[in-house]
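Asks: Handing you a structure now.
2 protein chains.
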Amino acid sequence: MAKAITNRSENYSQWYLDIVKRAGLADHSKVKGCMVIKPTGFAVWENMRDQLDRMFKETGHVNAYFPLFIPKSFLSREAEHVEGFAKECAVVTHHRLMNAPDGSGVVVDPEAKLEEELIIRPTSETIIWDTYKDWINSYRDLPLLINQWANVVRWEMRTRMFLRTAEFLWQEGHTAHATRQEAVEETLRMQQVYADFAENYMAMPVIKGIKTANERFAGADETYTIEALMQDGKALQAGTSHFLGQNFAKAFNVKFLSEENQEEYVWATSWGVSTRLLGGLIMTHSDDDGLVLPPKLAPTQVVIVPIPKPAPEIAEVADKIMAALKDKGITVKYDRDEKKRPGFKFAEHELKGIPVRLGIGKRDLEKKQVEVARRDTKEKNFVPIEGIAAYVEQLLEDIQNNLFNRAKQFREDHITKVDTFDEFKAVLKEKKEEHPESWGGGFISAHWDGTTETEIKIKELTKATIRCIPLDNEAEEGQCVLTGKPSTQRVLFAKAY
Amino acid sequence: MAKAITNRSENYSQWYLDIVKRAGLADHSKVKGCMVIKPTGFAVWENMRDQLDRMFKETGHVNAYFPLFIPKSFLSREAEHVEGFAKECAVVTHHRLMNAPDGSGVVVDPEAKLEEELIIRPTSETIIWDTYKDWINSYRDLPLLINQWANVVRWEMRTRMFLRTAEFLWQEGHTAHATRQEAVEETLRMQQVYADFAENYMAMPVIKGIKTANERFAGADETYTIEALMQDGKALQAGTSHFLGQNFAKAFNVKFLSEENQEEYVWATSWGVSTRLLGGLIMTHSDDDGLVLPPKLAPTQVVIVPIPKPAPEIAEVADKIMAALKDKGITVKYDRDEKKRPGFKFAEHELKGIPVRLGIGKRDLEKKQVEVARRDTKEKNFVPIEGIAAYVEQLLEDIQNNLFNRAKQFREDHITKVDTFDEFKAVLKEKKEEHPESWGGGFISAHWDGTTETEIKIKELTKATIRCIPLDNEAEEGQCVLTGKPSTQRVLFAKAY
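One line per chain: the protein sequences are A and B, in this order.
Going letter by letter, the first sequence gives residues -6 to 490 in my numbering.
Going letter by letter, the second sequence gives residues -6 to 490 in my numbering.
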């Protein structure tokens, strides 16, 4: 088999795109900026969705569904919100097509113009808070802890599979609370849920932090974030949780009668993660042979390959192993293709990121063993068939942990403390042998004077942005790398996706 | 508590709407024709979705996701298809908003007009078959068995919660096959899956049939349907499975190289059910006290009410019962509200359709019994606490069966054979005490001459349409009720939702 994918060192963007396409995760569509999520990619997304959904329900949330359409006037209600989203809106203006009078085909019927244009939701705060107005009267109606799984549209000009697409799938939580404190607690709780999910299921280490004013969600008082580091030294914002204050309650006039019989505006949060996480998953673990998936999210965790090809006596043993694995809740497939050679199959299963491969030949049967190959390290060894299920179960756990530890070590190795702007620029200019054309520089920990002006200036000069102010930051006196003004803590800069 | 909902005999439409709103299933939104699915309604939909998804996967299907947008030119490719959907399309024409030059607010940016308009998918055959063109080359790529869970939009003028809304949630299966026979088999297989789901989970009996040419899906060679009968004697089309022949393969030029090395067009099916099923579920079982849910789809199957109010010794027993029920996979809630009276709570839980209610008072504890009330028949009796979990488990099964049998008996009682057009009209004019203003007449089994002309004429005269030609129809010589022309079998007519 010809090498399926480009090496990272050769062309990192092409490597990413090759994995997405060749591992069957997604495909471009004919609609500008929109992608098709293929069955394998969607199966990974389903696993992610199911785990997140369980975590949301365990923290007291319920699901609901709100309209795809947002009346233009709703979007305009909250000033910063519309400012943030107006430039990338898909706008529905008509509700009917007709045959062209000149017979040239189907055209929009000019008679079917909508009185008010409808925006395809880029996010649902406005339509949801308009609804919450009807649902909330008294403190007894609070808190309202609702999540929605939905598609949203943001008309991006430069798109990239999973990471930035015009339409994407996501979940958006929208909660309403009686007090400021309760809403802040909810915001932090969901940031923690996202961090737990990223680290324990995706095996993707994240830094929990708070966004600067300049990087906040349009309409939020504070945005909390989890930030991950990709293999090319660029950061990925993986999930955000917003404390919305009373901004949307005021815009949509949502008040409640408190226990003290006072009329008060409701406090709000919103939080979301999207199919963008799939991009993060790919770029955190995969290698030059293809996709690497953490076992907890892999649709197929184990594949059994008969060597050199299917035979009844191999199938018999494979059946027993499969039954034992399934008993332990492990998903397993037997590769019964008669035509492909084992080497070809090995490459194919590696490309698709199946965490563990068991090879069984006739000589193995005599020796009562199978060959076990792990995808993460490429190590192989022979293991007795007796007790193989317990071995594989432990191995899957080891792989999950190894992927996390490896990614965490990489992240730790690429946080650089700098104290001058020359050092700052030097880190960003560094070249890596493995990434000659695209090394991002990793995270830079540096002092900043706290002004948006300086933040923007640094971005203009270096393309690096402040990813977050880490929640566990230590106080430290210092001077802003750009202006030399006093600063009380370091913040994390990086080039980002 | 004031009576929460209108009686069916008074106003059936209002009864339906009252249940939808008061049981917390859905709400109107400010967007014309779109509804908000509330947490309770969405929880029922999640249960339906999870069962269907399992059934699809067990029959070899995988999920994927295709774009929300369909280029106008794609929709136009299949002539009958565009004819069927052009009149109800939401059309995206622009991709940006801007501040009005005169400061009057936010307006559509005329500079951001799309080169080609995009249609919000009313169904996805066109965008999917355009994609399949890239995925199918040889017989080895077939069959392609893909399902999508998605939102779709059909700009309906007259809408009704769940039954007909501008936006709705559904699943759409789109399969590709090498032979006509395989595609026909798939079409029938999925009709059977729908029938199994409707009868075994929704407890809603359905008639499997085939649509007449006039009622076919736009672009299909044959449409198979499951048809249910609602309590007001009107029919509900509950799911359809389409044999698409080679129509979409030809429109999108999707060919494959057969095992005999011949280039051939691919054969296709598509099939779907939607949130409309929730409307069918409500109207099949509910009564004047509110929602009635079949146990297999109820988000909460059992509620325990302490009488007259929560007390530690009741909670202690309730905890044990709940643990025993949860062990059996039964979902149960303990009503710990201190302020509401038992009578109020009973009415509330009946309104919401919880299948089984357990009442526990202090005297019951002395007698080591609980009061068990079933929602379907309203029967109550005392049952020993010892062995209560097994009793409830059996009771839930009985309720599930009773709901199905009751609905089936109702359906059997309301299929009327007629042989003349006067009889036909008489059935439709019949009044029922329980439905003075809205009795639909049930199914009418009658001979028809097989022409679209007669079918349309009958619809004009009576509002009844041919729901289907039942699959298990017996051959029977007769004369068309309208024209007197010869006919070889009866078909089922009804007024329909």
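Virtual Cβ for every residue (Gly too), placed ideally from N, Cα, C.
At least one CB of chain B closer than 9 Å to the CB of K136/A: is that the case?
Replies: The identity of residue 136/A in the sequence shown is Pro, whereas the question assumes Lys. No, P136/A lies away from the interface with chain B (no Cβ there is under 9 Å from its Cβ).
Asks: Report the residue from T152/B, H167/B, W163/B whose alpha carbon sits nearest the alpha carbon of N140/B.
Replies: Of the candidates T152/B, H167/B, W163/B, the one whose C-alpha sits nearest the C-alpha of N140/B is H167/B.
Asks: Can you check whether the C-beta of P60/A is within less than 9 Å of a C-beta belonging to chain B?
Replies: yes
Asks: May I ask you to report which of helix, strand or coil DSSP gives E306/A?
Replies: helix
Asks: So, is T158/B buried or exposed, given that buried needs 16 or more other C-beta atoms within 10 angstroms?
Replies: buried
Asks: Nearest to F210/A by CA position, among N254/A, E359/A, P115/A, M154/A, is which residue?
Replies: P115/A
Asks: Against chain A, which members of the segment 14 to 30 of chain B pass a CB distance test of less than 8 Å?
Replies: D20, S22, K23, V24, C27, M28, V29, I30
Asks: Take E109/B as the anchor and find which of A228/A, G265/A, K23/A, T413/A has the nearest alpha-carbon.
Replies: K23/A
Asks: Could you list the residues in the segment 112 to 136 of chain B with a C-beta less than 9 Å from some C-beta on chain A, going in chain order?
Replies: Cβ proximity to chain A below 9 Å picks out I112, I113, I120, I121, D123, T124, D127, W128 from the segment 112 to 136 of chain B.
Asks: Say whether chain A places a C-beta atom closer than 9 Å to the C-beta of F397/B.
Replies: The Cβ of F397/B sits no closer than 9 Å to any Cβ of chain A.
Asks: Identify whether G272/B lies in helix, strand or coil by the three-state DSSP scheme.
Replies: It is helical.
Asks: Any Cβ of chain A within less than 9 Å of the Cβ of E110/B?
Replies: Yes - at least one Cβ of chain A is within 9 Å of the one on E110/B.
Asks: Kindly say whether S66/A, judged by its beta-carbon, lies nearer than 9 Å to any beta-carbon of chain B.
Replies: yes
Asks: Using the beta-carbon of each residue, which ones in chain A are nearer than 7 Å to A171/B?
Replies: Those do not exist, as A171/B stays about 18 Å from chain A at its closest Cβ, beyond 7 Å.
Asks: Taking Cβ to Cβ, would you say T180/A is nearer than 9 Å to G202/A?
Replies: no
Asks: If contacts are defined as beta-carbon pairs under 8 Å, then E331/A and R368/A qualify, I think. What distance do you get, rounded to the angstrom?
Replies: With 8 Å as the limit, E331/A and R368/A do not qualify as a contact, their Cβ atoms being about 24 Å apart.
Asks: Can a CB atom of chain E be found closer than 9 Å to the CB of E470/A?
Replies: Absent from the structure: chain E. Protein chains present are A and B.
Asks: Using only alpha-carbon positions, find the residue among L421/B, K106/B, E39/B that is nearest to D225/B.
Replies: L421/B
Asks: Could you have a look at Q174/A and say whether DSSP puts it in helix, strand or coil?
Replies: Reduced to three states, the DSSP call for Q174/A is helix.
Asks: What residues of chain A sit near W148/B, judged by a beta carbon separation below 9 Å?
Replies: By Cβ distance, chain A contributes H88, R89, A105.
Asks: Since G98/B meets chain A, which of its residues come closer than 7 Å, beta carbon to beta carbon?
Replies: Per Cβ cutoff of 7 Å: S69.
Asks: Scan the segment 313 to 371 of chain B and note each continuous alpha helix (DSSP H) run of 4 residues or more that stays entirely inside, going in chain order.
Replies: 335 to 344, 355 to 360
Asks: For A317/A and G212/A, I'd like the C-alpha separation in whole angstroms.
Replies: 53 Å
Asks: What does K80/A touch in chain B if you count any residue whose Cβ is under 7 Å from its own?
Replies: R89
Asks: Could you check whether V75/A and V85/B sit closer than 9 Å to each other, using their CB atoms as the reference points?
Replies: no
Asks: Can you pull the chain A neighbours of A83/B, defined as C-beta to C-beta under 7 Å?
Replies: V85, H88
Asks: Taking Cβ-Cβ distances shorter than 8 Å, what residues in chain A pair up with P32/B?
Replies: V55, N56, A57, I139
Asks: Who does D280/B pair with in a DSSP beta bridge?
Replies: Beta-bridge pairing links D280/B to G283/B.
Asks: Following the continuous beta strand (DSSP E) through L290/B, name the residue where it begins and the one where it ends.
Replies: Premise fails: L290/B is in no beta strand (DSSP E) and is neither H nor E.
Asks: At the 9 Å Cβ level, is A(-3)/B part of the contact set with chain A, yes or no?
Replies: no
Asks: In chain order, which beta strand (DSSP E) runs of at least 3 residues are fully inside the segment 385 to 444 of chain A?
Replies: Segments of the beta strand (DSSP E) lying fully in the segment 385 to 444 of chain A: 408 to 410, 436 to 440.
Asks: One question on the structure: do W148/A and L137/A come within less than 9 Å of each other, judged by their Cβ atoms?
Replies: no
Asks: Spatial neighbours of M(-6)/B within its chain, please: C-beta separation below 7 Å, excluding the five flanking residues on both sides.
Replies: Below a pLDDT of 50, predicted positions are generally treated as unreliable, and M(-6)/B, at 46, falls in that range; the measurement from the model is reported next regardless. Result list for M(-6)/B: F337, A340, in chain order.
Asks: Could you work out which residues of chain B lie near F245/A, taking near to mean beta carbons separated by less than 8 Å?
Replies: None at all; the shortest Cβ gap to chain B is about 11 Å.
Asks: Hey, which unbroken runs of the alpha helix (DSSP H) at 4 residues or more fall wholly within the segment 52 to 84 of chain B?
Replies: 65 to 68, 72 to 78
Asks: What residues from chain A crowd round N144/B, counting only those whose CB sits closer than 8 Å?
Replies: L61, A143, N144
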